[in-house]
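Participant:
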Amino acid sequence: MSAHAEENPLLEGLDLGRRPESCALVIFGASGDLTQRKLMPALYSLAIRGLLPEHFVVIGAARTPGTDDEFRAKMREAIEKYARDPFREDVWERLASGMRYAALDFSDETSENSLVRILSTVDAEYGTQGNRVFYFAVPPNAIATLVSELAARRAAEGWVRLIIEKPFGNDLASARSLNELIADRFSEREVYRIDHYLGKETVQNMLALRFANGIFEPIWNRQFVDHVQITVAESIGIEGRGSFYEHTGAIRDIFQNLLLQLVAITAMEPPSDFTADSVRNEKVKVLRSLQTPDPTSVVRGQYGRGFVEGIEVPGYREEDGVDPASMTDTYVAAKLYVDNWRWADTPFYVRMGKRLGRRETTVAIQFKRAPHPPFAEATSDSLRPNVLLIHVQPDEGMSLAIGAKVPGQGMSIRTVHMDFLYGSAFREGLPEAYERLILDAMLGDATLFTRSDEIEEQWALVDAITSAWERDRTAFPNYAAGTWGPPSADELLHRDGRSWRRH
Ligand SMILES: NC(=O)c1ccc[n+]([C@@H]2O[C@H](COP(=O)([O-])OP(=O)(O)OC[C@H]3O[C@@H](n4cnc5c(N)ncnc54)[C@H](OP(=O)(O)O)[C@@H]3O)[C@@H](O)[C@H]2O)c1
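Read left to right, the sequence shown gives residues 517 to 1019 (our numbering).
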């Protein structure tokens, strides 16, 4: 048994390939929803697998008054309710033993000093060595003050990492000024801008699919790919977050981050290695190569009343906290072009929206048709093009559509699917994205986090699209809840002789 396992019996027998250095994790926004539903359950799952640092404490910070015991009780409840693993008293006790709560007014200097005091006590008692991860699970308007205060009180020893939740800014100007403020006080390698989708196994598997297999790369280009379709569909509405969504819309909520990440990962060149900068350099090159779509290549929509899974649901303008004449987009579809040698003239059709037919995030690579089908009986309908469909969620996995001969006489061809499902290929349940991301930040690996130039490229494109909307006269609502978006989204593809994948 190793000396380490002697100290922590929970680590015995587990693969400790990736173990971070001892540190304290401070969560700002510890009284909020994200901390309870995602962050604390993720920490618990890391604890159960022995992946947390040897010396580790969690300090919750928020303005709401509270004691250490109250905080622990609330976090225990959150783990019991939301963790993917069954509750184990021994794992909880170990995680909870170093847990602290700091009630802070983030704009008040004296309370910031109280956090500094807690941290130095923790360093002395728990051996966290001045290493800090600060998780900003707070509204965007609280970030600037925190960054300045933390920089002013930086400990003399140890490393610092800032994990910053999305949204990072609201447009190019606000993202740039936040980047400048942070760059003034911290170095880029200390900053981890989160987009939790990048922590999902299937998104990372797209990189494995492309770069760990020899067969895809030679055909992953304009010569063999007819077009790409990316769908991020949700069947839910805005779930009581009307006032948030009114300022965001689908374009800022999904297009700016997840959608553009999926485009970048699909289109990027192979990086020379899998380090944070090599991967992100390639993604930024894709974002820089994206043509600004002209207004006729972008469709926006807003849902009206309709039926989702047989239940009648209200239109967006009838939701709480929403202006009855709101012009906020709950749906966006666009035709994008990546202007480079690999992808010139190959459309990337993307769509995302709320209250669509069902929940689905997919990337579909549609290959060109066979150039000459030599089978007299094959109709153009039966000879469908090959499609590689990557299911990001739900039913994580992928599927390749190929033409096969129907058994019997003659030569009729039908499309069949070769499927790979994560759930059946690997027994272990998929880790939550936040587990991977928190662990990576503690390890100092920023590959799955967004770099400052990347985020600015994303916002530049969003700004170009939304500025054209100021002159747009689209009448809202223009699609019924439970359908697949406005008719103009279908026309966007029909004009090119194509159609959206059927569901
Ligand atoms: N919830 C999710 O699933 C999710 C998913 C993706 C991204 N996010 C992002 O994560 C962040 C937190 O989300 P949430 O859902 O946890 O929000 P929330 O439930 O409203 O919690 C916000 C937290 O921030 C603190 N806070 C509020 N205003 C503050 C201020 N002016 N200064 C300092 N602290 C303040 C609140 O605590 P006190 O009032 O006690 O100070 C509370 O703990 C947001 O940026 C959100 O966009 C959340």
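Yeah, the Cβ is synthetic: ideal placement off N, Cα and C, and Gly gets one too.
Which same chain residues end up closer than 7 Å to Lys992 when comparing Cβ atoms and leaving out the 5 residues on each side of it in sequence?
Facilitator: This sequence places Phe at residue 992; Lys is not what is there. These residues qualify, in order along the chain: Gln818 and Met843.
Participant: Roughly how many angstroms separate the alpha carbons of Gln974 and Asp639, rounded to a whole number?
Facilitator: 39 Å
Participant: Between which residues of its own chain and Gly873 is the CB-CB distance below 8 Å, once the five residues before and five after are set aside?
Facilitator: Ala749, Ser751, Gly998, Thr999, Trp1000 and His1019
Participant: CA-CA distance, Gly545 and Ala578?
Facilitator: 5 Å
Participant: Roughly how many angstroms lie between the CA atoms of Phe823 and Gly758, to the nearest whole one?
Facilitator: Rounded to whole angstroms, Phe823 to Gly758 spans 20 Å at the Cα level.
Participant: Please classify Ser613: is it buried, with 16 or more other beta-carbons within 10 angstroms of its beta-carbon, or exposed?
Facilitator: exposed
Participant: Which same chain residues, not among the five before or five after Ile971, have their C-beta less than 8 Å away from its C-beta?
Facilitator: Same-chain partners within the cutoff: Phe684, Gly685, Ala691, Asn695 and Arg709.
Participant: Work out the CA separation of Tyr651 and Asp606 for me, nearest whole Å.
Facilitator: C-alpha separation (whole angstroms): 26 Å.
Participant: Could you tell me if His907 is buried or exposed, where buried requires 16 or more neighbouring beta carbons within 10 angstroms of its beta carbon?
Facilitator: buried
Participant: Which stretch, first to last residue, makes up the alpha helix (DSSP H) that contains Lys799?
Facilitator: Run containing Lys799: Ala792 to Ser805, per the alpha helix (DSSP H) assignment.
Participant: Check whether the Cβ of Val654 lies closer than 7 Å to any heavy atom of ligand 1, and answer yes or no.
Facilitator: yes
Participant: In whole angstroms, give me the CA-to-CA distance for Tyr713 and Leu953.
Facilitator: 10 Å
Participant: In this structure, how does DSSP classify Asn787 when only helix, strand and coil are distinguished?
Facilitator: Inspection of the sequence shows that residue 787 is occupied by Pro rather than by Asn. If DSSP states are grouped into helix, strand and coil, Pro787 belongs with coil.
Participant: Buried or exposed: Phe603, going by 16 or more other Cβ atoms within 10 Å of its Cβ?
Facilitator: exposed
Participant: Roughly how far, in whole angstroms, is the beta-carbon of Glu725 from the beta-carbon of Ile746, given that I think they are within contact range, below 8 Å?
Facilitator: Looking at the sequence provided, one finds Leu at residue 725 rather than Glu. Actually they are not in contact, since the Cβ atoms of Leu725 and Ile746 sit about 15 Å apart, beyond 8 Å.
Participant: Does the Cβ of Arg616 lie closer than 7 Å to at least one heavy atom of ligand 1?
Facilitator: no
Participant: Which residue or residues does DSSP assign as beta-bridge partners of Leu541?
Facilitator: Here Leu541 is bridged, per DSSP, to Val574 and Val649.
Participant: Is Ala558 close to ligand 1? I mean its beta-carbon at under 7 Å from any heavy atom of the ligand.
Facilitator: no
Participant: Alpha carbon to alpha carbon, what distance is there between Ser664 and Phe587?
Facilitator: Distance between the alpha carbons of Phe587 and Ser664: 26 Å.
Participant: Any heavy atom of ligand 1 inside 7 Å of the beta-carbon of Gly998?
Facilitator: Relative to ligand 1, even the nearest heavy atom lies 7 Å or more away from the CB of Gly998.
Participant: What does a CB cutoff of less than 7 Å around Phe727 pick up in its chain, not counting 5 residues either side in sequence?
Facilitator: Pro786
Participant: What are the partner residues of Pro863, as DSSP defines its beta bridges?
Facilitator: According to DSSP, Pro863 bridges with Tyr853.
Participant: Quick test of your reading: Val649 and Met914, contact by CB under 8 Å. State the CB separation rounded to the nearest angstrom.
Facilitator: Not confirmed; about 33 Å, so no contact.
Participant: Check whether the segment 759 to 769 and the segment 833 to 850 touch, using three or more Cβ-Cβ pairs below 8 Å as the test.
Facilitator: yes
Participant: For a test of the three-state rule: what should DSSP assign to Arg507, helix, strand or coil?
Facilitator: Lying outside 517 to 1019, the shown extent of the chain, residue 507 is not represented and no answer is given.
Participant: Can you list, in chain order, the residues of its chain whose CB lies under 6 Å from that of Tyr995, leaving out five sequence neighbours each side?
Facilitator: Closer than 6 Å at Cβ, skipping near neighbours: Gly817, Tyr819, Gly1001 and Pro1002.
Participant: Measuring CB to CB, does Tyr853 end up less than 8 Å from His743?
Facilitator: Cβ distance not < 8 Å, so Tyr853 and His743 don't count as in contact.
Participant: Expressed to the nearest angstrom, what Euclidean distance is found between the alpha-carbon atoms of Pro910 and Glu717?
Facilitator: 12 Å
Participant: So, helix, strand or coil for Ser759, using DSSP?
Facilitator: helix
Participant: Closest Cβ-Cβ distance between Ile595 and chain B: below 8 Å?
Facilitator: Reference to chain B is not applicable here, since this structure consists of a single protein chain.
Participant: Along the alpha helix (DSSP H) that carries Phe823, what are the first and last residues, could you check?
Facilitator: No alpha helix (DSSP H) holds Phe823; the beta strand (DSSP E) holding it covers Gly822 to Val824.
Participant: The beta strand (DSSP E) with Met934 in it runs from where to where?
Facilitator: Ile929 to Leu937
Participant: With a threshold of 6 Å on Cβ separation, who are the neighbours of Leu916 within its own chain once the five nearest residues in sequence on each side are excluded?
Facilitator: Leu904 and Met934
Participant: How many Å lie between Asn657 and Glu609 at the Cα?
Facilitator: 35 Å
Participant: In whole angstroms, what separates the C-alpha of Leu666 from that of Phe790?
Facilitator: 31 Å
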